[in-house]
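Reading through the structure tokens given below for one structure.
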Amino acid sequence: MKDAGRWDWFMDGVRAAIADVPGPAVSMNGAITSSPFKVLVATLISLRTRDQVTGPASERLFALADSPEAMIALGAPAVSAAIFPANFHPTKAERIVEVSRLLIERHAGQVPADRDALLALPGVGPKTANLVLAEGFGIDAICVDTHVHRIPNRVGLIDTRDPVQTEEVLRSRLPLKYWKEINRILVPFGQSVCTPVSPKCSICPLIEGCARRFKGPSR
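With this note's numbering applied, the sequence shown has no gaps in its numbers, which climb one by one up to 207 at the end.
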């Protein structure tokens, strides 16, 4: 099977496996609002926090403040209270307020549609920057989180050592039409089927073509 055909097979199989599984909280927020600021803030909340917490926490916060100006006026203590019990909520609240201030100072209160400008904001790494570009602006970008790094390696589509290398390889191999989608579908797939430990291979549509590069038992 040619490389493009392998990716078609992979993406089709993942979609089939998660047909009834909710998507990641940040991607769903971006699809509904198309607000780069909300996607940015929700992504900052989501770091080391489960989707079941991120979604409601983001909704509570955005009901109080949905712009940089409003976020600054709300203040870090109130932001922290709104996003609790997100992990590290006091630190994340201070960062959200600081990012809001810098957006006003540097970008006239708008989230920049530029990777380098996003990376210059505190707490924004490649994963967050690419997610904002993809979900907030509809720009072709590959958001590599733990699932996007782990699963293509496990299946045998790539062979990379870390998320940075994974993004580089995916940019050269993954068809452009899948760049924005891959994170949206691999997050729920990685949480419900291709789990880090004891993956559910018996129900996976990809089982016949999967290299099964993992240690330990499967289900």
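For every residue, glycine included, the Cβ atom is placed at its ideal position computed from N, Cα and C.
Given the structure is predicted, the values throughout are model-derived calculations rather than measurements.
ARG159 carries a helical assignment under DSSP once its states are collapsed to helix, strand and coil. Beta-carbon to beta-carbon, MET59 and ALA53 are separated by about 5 Å, close enough to satisfy the 8 Å threshold. The C-alpha of ALA61 lies about 24 Å from the C-alpha of LEU35.
In the structure shown, ASP8 adopts coil according to DSSP, grouped into three states. About 16 Å separates the beta carbons of ARG103 and LEU91, which is beyond the 8 Å limit, so they are not a contact pair. In terms of Cβ geometry, ASP133 and ASN75 do not form a close pair [threshold 8 Å]. Close CB contacts of ALA(-8) within its chain, under the 8 Å cut and outside five residues either way in sequence, are with PRO163 (chain order). Ranked by Cα distance from GLU86, the options PRO73, ALA70, ALA69 and VAL112 are led by VAL112. Taking a contact as a CB-CB distance under 8 Å, the pair SER180 and ARG207 does not count as one, their CB atoms being some 12 Å apart.
Following the DSSP letters along the chain, one finds ASN171 inside the alpha helix (DSSP H) bounded by residues 169 to 180.
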